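S.K.: I have a structure here, written as structure tokens, and I will follow up with some questions on it.
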């Protein structure tokens, strides 16, 4: 197989202290020196599969077609959990079959194929039971960039693992109940309530106002951060299209003790 | 516009936990797969525009001509603060017009042009109001590497924002008063006093000694860190040519409670 | 010298806050825009030469032949400690002569040559005494990728610095005494006891069991992390082939107060 350009992204919980990520890059570039490697993040909280699922879910679509996304949060490494390749309309995803691709399975791809990686001749020659990123996932990603077809790596499976993600509920036509699903480095708290859902209840009475409530506190919906100047809790639509709670030039999570799992309610309040 | 090699650097306060930087790289490489991207740092303190200005000020000159430096510390994102391209003799700079390029405006470039970016056809198709790094700055940087001229992105402006930076004062011919402007990861405290300024007062009486004082403590000027072996506070000329306070194999900032804004005085003391 | 592709890795204690690493990359790419640069880590504890030695020792072999590994943990920068190039069968290493390459000298390379870098025309034009990463190591690495031979950079030396690393002792044929030499971001504690050493005492009586003891606690040897589900202390063979102490989905170092230097004993216990 000839070397050719190809884009590989890495998303892991390996952090920035140890050489694990660098070692994976060495393995990839040894097999294909023409590959381009982009770090999405290595700062996933240790063993937090859902955080990784959310991270790759909000990131992958900004990359070019045929990008190979390697995602490794893998507490079950070495056990019989399967290494897999997920293929969608536009991208490839490589990682452990532990639910890390749950939001990819749920995306709008028309085609979806999941391959159980078993073809050991594409692995590093001596594989261990603690670092499949180095021994399996990195070399398989490199071979994919070299043009090896997914069918060569193993058989298709349909019983891949999907983790439940918190869904939004609507107790009535003008109320949405969701929750915080991610807190970013600025302390902004991103919820699972989408802009379209806000629009749907808002369209019932465009004269009315949206009341957004979390932890007994009511917040106003703004368009951008610096629309306010005080240190109160406000909300806006995040860059990924979700309802987000923020404090202007402050850390909403720290100041208002908001964390993943906190309930957020949205109500349509008639004009007063 | 043809793809061609081009170097883009990134300096942000996005940190290393979230996928924001990775997403920007995806946007750039989708538009120009031949671009090379270098991270200067993503560890700027959240919303600290001056720290970013200082960081790009001390870094840019080490990159090759025509490098495109994207700098994003942008608490005003989504407001009417302008996205701009700054062009100097050697480089391009892209970011918000909030003073982040203050030290570039003050540098010795003979040519200087600032363009207000308004040409929306170079933006991502759906732009939001919270992540212009993804929606405006990354694509504009990519289009620049593909050879689009700065004039195509919008009109020139001259009323760009410049932030005041602390300047050194000289109460008399043998005294300099400056301050700490940056503390690095080792705890070294870098001041705004330049080596040339030290040389100027020193040349008045080369027999005399320089007394460097901060927080009531006097330090001696050394040539390099390991010239001393005890844990006292010393000073030397930093890699950027500034007076710097240090502790050998220790953290000067932590051990002597030195922080940004602390006053540092230099006096010429006659030989005793 | 013509530009040509070449792989350079970086391992430093520069951290992720300051622009030092970005500046080094600017220097390299200015000299050779075709170089590929991989970060192994910049999270080495400040001034910890042994940690850097261990990190590059466990990483380098995964990179392709002729890779140039730049390692900078350099408290003696500016003093008369020498800048060196180490050449082995497969790789080049560049950094200060302070013991950071101790484990490279001890590796199985059949050829080994150490060059004292003195040829100043390969340095940045104005070199300082605090940042040889920028002024000496980065440009020398770039020139190496362009095909300059090591002999051009200076003379060979044989009195390079080697640091003592803790070695394993065997008080008798069925007992090994070693120690913890590295704790990774997950809190896993890696020891200096190699899998081969475990196999050697195990082969004496394959019916017997290995007892692994640290801090008065006995642990069982497992094959992979998720073989257990409780939060006890267990051990396995790490990805680098060393005995490693771990807690499944937990931080062994924090939970059991295990740190670098702690003694770990292995005994062959007859079947009960």
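Chains as they are written, first to last, in this note's numbering: chain A, 1 to 272; chain B, 1001 to 1272; chain C, 2001 to 2272. Heads up, the beta-carbon is just placed ideally off N, CA and C, and yes, glycines get one too. Quantities reported herein were computed from a predicted structural model and do not represent experimental measurements.
(1) Leaving out the 5 sequence neighbours to the left and right, which residues in its chain are closer than 7 Å to residue 259 of chain A when beta-carbon positions are compared?
(2) Could you tell me if residue 1204 of chain B is buried or exposed, where buried requires 16 or more neighbouring beta carbons within 10 angstroms of its beta carbon?
(3) Report yes or no: is there a C-beta of chain C within less than 8 Å of the C-beta of residue 75 of chain A?
(4) Of all the CB atoms in chain B, is at least one closer than 8 Å to the CB of residue 199 of chain A?
(5) Round the Cβ separation of residue 2057 of chain C and residue 2115 of chain C to the nearest angstrom and send it over; I've been treating them as touching at under 8 Å.
(6) Hey, how far is the Cα of residue 1123 of chain B from the Cα of residue 1031 of chain B?
(7) Would you grab the beta carbon distance between residue 2022 of chain C and residue 1040 of chain B for me? Rounded to a whole angstrom, and I think it's under 8 Å.
(8) Would you report the Cα separation of residue 1235 of chain B and residue 1186 of chain B, rounded to the nearest angstrom?
(9) Anything in chain A within Cβ reach of residue 2040 of chain C, meaning under 9 Å, just list it in chain order.
(10) For residue 2048 of chain C, which residues of its own chain have a beta-carbon under 8 Å away from its beta-carbon, when the five flanking residues on both sides are left out?
(11) Comparing alpha-carbon positions, which option in C/2052, C/2164, C/2256 and C/2112 lies nearest residue 2085 of chain C?
(12) With 7 Å as the C-beta to C-beta threshold (strictly closer), list the residues of the region 2048-2060 of chain C near chain A in chain order.
(13) Does residue 98 of chain A pass the burial test, meaning 16 or more other C-beta atoms within 10 Å, or should it be called exposed?
(14) If distances are taken between C-alpha atoms only, which option among B/1173, B/1101, B/1255 and B/1026 comes closest to residue 1163 of chain B?
(15) Please list the terminal residues of the continuous beta strand (DSSP E) segment that includes residue 1035 of chain B.
(16) Buried or exposed for residue 8 of chain A, going by 16 or more other Cβ atoms inside 10 Å?
(17) Is it right to say residue 1255 of chain B is buried, meaning 16 or more other beta carbons lie within 10 angstroms of its own, or is it exposed?
(18) For the alpha helix (DSSP H) holding residue 2197 of chain C, just list the boundary residues, first then last.
(19) If we cut at 8 Å on Cβ distances, does residue 1016 of chain B have a partner in chain C?
(20) Just how far apart, CA to CA, sit residue 2151 of chain C and residue 2090 of chain C?
(21) Between residue 1193 of chain B and residue 1268 of chain B, is the Cβ-Cβ spacing less than 8 Å?
(22) Pick helix, strand or coil for residue 2025 of chain C, following the three-state DSSP scheme.
(23) Assign residue 1255 of chain B to one of three DSSP states: helix, strand, or coil.
(24) Could you check the C-alpha separation between residue 212 of chain A and residue 1129 of chain B for me, to the nearest Å?
(25) Could you name the residues of the region 1077-1090 of chain B whose beta carbon sits closer than 7 Å to any beta carbon of chain A, in the order they occur along the chain?
(26) Using C-beta distances below 7 Å, list every residue in its chain close to residue 1207 of chain B, excluding the 5 sequence neighbours before and after it, in chain order.
(27) For chain C, find out if any of its Cβ atoms is closer than 8 Å to the Cβ of residue 128 of chain A; answer yes or no.
(28) At a Cβ threshold of 8 Å, is residue 2226 of chain C touching chain A?
(29) What does the Cβ neighbour count give for residue 2189 of chain C, buried or exposed, with the cut at 16 atoms within 10 Å?
(30) What are the residues that DSSP puts in a beta bridge with residue 269 of chain A?
(31) Using a C-beta to C-beta distance shorter than 9 Å, which residues of chain B count as neighbours of residue 2131 of chain C?
(32) Rounded to whole angstroms, how far is the Cβ of residue 78 of chain A from the Cβ of residue 96 of chain A, which I believe are closer than 8 Å?
(33) Taking the alpha helix (DSSP H) that residue 19 of chain A belongs to, which residues open and close that run?
(34) I need the straight-line Cα distance from residue 2156 of chain C to residue 2082 of chain C, nearest angstrom please.
(35) Leaving out five residues before and five after residue 37 of chain A in sequence, what residues of the same chain have Cβ atoms less than 7 Å from its Cβ?
(36) Determine the burial state of residue 2104 of chain C: buried for a count of at least 16 other Cβ atoms within 10 Å of its Cβ, exposed for fewer.
M.R.: According to the data block:
(1) Here residue 259 of chain A refers to the residue found at position 259 when the first chain is read from its first residue. Correct list, in chain order: 180, 183 and 253.
(2) Here residue 1204 of chain B corresponds to residue number 204 of the second chain, with the count starting at 1. Label assigned to residue 1204 of chain B: exposed.
(3) Here residue 75 of chain A refers to the residue found at position 75 of the first chain. Judged by the 8 Å Cβ criterion, residue 75 of chain A is in contact with chain C.
(4) Looking up residue 199 of chain A in the first chain gives position 199. Residue 199 of chain A does not count as touching chain B.
(5) Position 57 of the third chain holds residue 2057 of chain C. Position 115 of the third chain holds residue 2115 of chain C. Not quite, the Cβ-Cβ distance comes to about 20 Å (not below 8 Å), so this is no contact.
(6) Here residue 1123 of chain B refers to the residue found at position 123 when the second chain is read from its first residue. Here residue 1031 of chain B refers to the residue found at position 31 when the second chain is read from its first residue. Straight-line Cα distance between these residues: approximately 11 Å.
(7) Working through the third chain from its first residue, we reach residue 2022 of chain C at position 22. Working through the second chain from its first residue, we reach residue 1040 of chain B at position 40. The pair is a contact, with the Cβ atoms about 3 Å apart (cut-off 8 Å).
(8) Counting from 1 along the second chain, the entry for residue 1235 of chain B is found at position 235. Counting from 1 along the second chain, the entry for residue 1186 of chain B is found at position 186. Distance between residue 1235 of chain B and residue 1186 of chain B, taken at the CA atoms: about 14 Å.
(9) In the third chain, the residue the question calls residue 2040 of chain C occupies position 40. Within 9 Å Cβ-Cβ: 19, 21, 22, 23, 25 and 26.
(10) Residue numbering aside, residue 2048 of chain C sits at position 48 when the third chain is read from its first letter. Here the set comprises 2013 and 2073.
(11) Taking the third chain and counting its residues from 1, the one referred to as residue 2085 of chain C is at position 85. Residue C/2112 is the option with its Cα nearest to residue 2085 of chain C.
(12) Against chain A - using a Cβ distance shorter than 7 Å - the residues of the region 2048-2060 of chain C are 2055, 2058 and 2059.
(13) Taking the first residue of the first chain as 1, we reach residue 98 of chain A at position 98. Around the beta carbon of residue 98 of chain A, 16 or more other beta carbons sit within 10 angstroms, so the residue counts as buried.
(14) One-based indexing of the second chain puts residue 1163 of chain B at position 163. Per the C-alpha coordinates, the member of B/1173, B/1101, B/1255 and B/1026 positioned closest to residue 1163 of chain B is B/1101.
(15) Working through the second chain from its first residue, we reach residue 1035 of chain B at position 35. First-last of the beta strand (DSSP E) with residue 1035 of chain B: 1035-1041.
(16) Mapped onto the first chain, residue 8 of chain A falls at position 8. In summary, residue 8 of chain A is buried, with 16 or more beta-carbon neighbours lying within 10 Å of its beta-carbon over all protein chains present.
(17) Within the second chain, the letter at position 255 stands for residue 1255 of chain B. The residue in question, residue 1255 of chain B, is exposed, as its Cβ has fewer than 16 Cβ neighbours within 10 Å.
(18) Within the third chain, the letter at position 197 stands for residue 2197 of chain C. Run containing residue 2197 of chain C: 2195-2202, per the alpha helix (DSSP H) assignment.
(19) Translated into positions along the second chain, residue 1016 of chain B becomes position 16. With 8 Å as the cut-off, residue 1016 of chain B counts as an interface residue toward chain C.
(20) The count along the third chain starts at 1 and reaches residue 2151 of chain C at position 151. The count along the third chain starts at 1 and reaches residue 2090 of chain C at position 90. Roughly 17 Å between the two C-alpha positions.
(21) Translated into positions along the second chain, residue 1193 of chain B becomes position 193. Translated into positions along the second chain, residue 1268 of chain B becomes position 268. In this structure, residue 1268 of chain B does not lie closer than 8 Å to residue 1193 of chain B by Cβ.
(22) On the third chain, residue 2025 of chain C is found 25 positions in, with the first residue counted as 1. Look at residue 2025 of chain C here: in three-state DSSP terms it is helix.
(23) Here residue 1255 of chain B is taken as the residue at index 255 of the second chain, counted from 1. If DSSP states are grouped into helix, strand and coil, residue 1255 of chain B belongs with the helices.
(24) To locate residue 212 of chain A, count along the first chain from 1; it is residue 212. To locate residue 1129 of chain B, count along the second chain from 1; it is residue 129. Cα to Cα, the separation comes out at about 19 Å.
(25) Going along the region 1077-1090 of chain B in chain order, one finds 1077, 1078 and 1079 with a Cβ nearer than 7 Å to chain A.
(26) If you number the second chain from 1, residue 1207 of chain B lands on position 207. In its chain, beyond the 5 residues on either side, 1271 have a beta carbon closer than 7 Å to the beta carbon of residue 1207 of chain B.
(27) Sequence index remark: in the first chain, residue 128 of chain A carries index 128 (1-based). Taking Cβ atoms only, chain C reaches closer than 8 Å to residue 128 of chain A, which makes this a yes.
(28) Here the question's residue 2226 of chain C lines up with position 226 in the third chain. Taking Cβ atoms only, chain A reaches closer than 8 Å to residue 2226 of chain C, which makes this a yes.
(29) As a first step, residue 2189 of chain C is located in the third chain; it is residue number 189 there, counting from the start. The residue in question, residue 2189 of chain C, is buried, as its Cβ has 16 or more Cβ neighbours within 10 Å.
(30) As a working note, residue 269 of chain A is residue 269 in the first chain. Bridge partners of residue 269 of chain A: A/209.
(31) Position 131 of the third chain, counted from the start, is the residue given in the question as residue 2131 of chain C. Ordered by position in chain B, the residues that pass the 9 Å Cβ test against residue 2131 of chain C are 1238, 1239 and 1240.
(32) Position 78 of the first chain holds residue 78 of chain A. Position 96 of the first chain holds residue 96 of chain A. 10 Å between Cβ atoms; not a contact.
(33) Taking the first chain and counting its residues from 1, the one referred to as residue 19 of chain A is at position 19. Taken as a continuous stretch (DSSP letters only), residue 19 of chain A belongs to no alpha helix (DSSP H), as it is neither H nor E.
(34) The count along the third chain starts at 1 and reaches residue 2156 of chain C at position 156. The count along the third chain starts at 1 and reaches residue 2082 of chain C at position 82. Straight-line Cα distance between these residues: approximately 12 Å.
(35) The count along the first chain starts at 1 and reaches residue 37 of chain A at position 37. Closer than 7 Å at Cβ, skipping near neighbours: 8, 10, 25 and 28.
(36) What you label residue 2104 of chain C is simply residue 104 of the third chain in a count that begins at 1. With 16 or more Cβ atoms within 10 Å of its Cβ, residue 2104 of chain C is classed as buried.
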